[in-house]
Amino acid sequence: MEKVIDKAKEFENQNMKSLSTSDRVKISREAKRLILALNTIYKEKKDEKIMDLMKSLTKMKRKVEKRLNGKPLSA
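Numbering-wise, the sequence shown is residues 1 to 75 according to full-length UniProt numbering.
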């Protein structure tokens, strides 16, 4: 459990500048994997720090995916 939390904190602090498309895909997948792992831990412990970490990772994931999906076309 602690290993997942440490890995998530490390992931949260990584540099997110000048990423290639493949880097963004990897980050998105890794964030999803970490969020799901943290969620199972949260279900057992109900610790707010874990919830805050999940929220932070979700924010990062959404930001990366927003860039991956591109700008929507105006009608």
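All C-beta atoms, glycine included, are put in the ideal place defined by N, C-alpha and C.
Legend entry - CA nearest to the CA of A8, picked from E44, I27, S20, S18: I27
Legend entry - Rounded distance between the beta-carbons of L57 and I35, thought under 8 Å: 5 Å
Legend entry - Assigned secondary structure, D47 (DSSP; H/G/I helix, E/B strand, else coil): coil
Inset, instruction - Mind reading off the beta-carbon distance from M54 to N69? Whole number of angstroms is fine, and I expect it under 8 Å. - result: The pair is not a contact, with the Cβ atoms about 22 Å apart (cut-off 8 Å).
Legend entry - Simplified DSSP assignment, three categories, for M16: coil
Inset, instruction - Could you tell me the distance, in whole angstroms, from the CA atom of K63 to the CA atom of E48? - result: 23 Å
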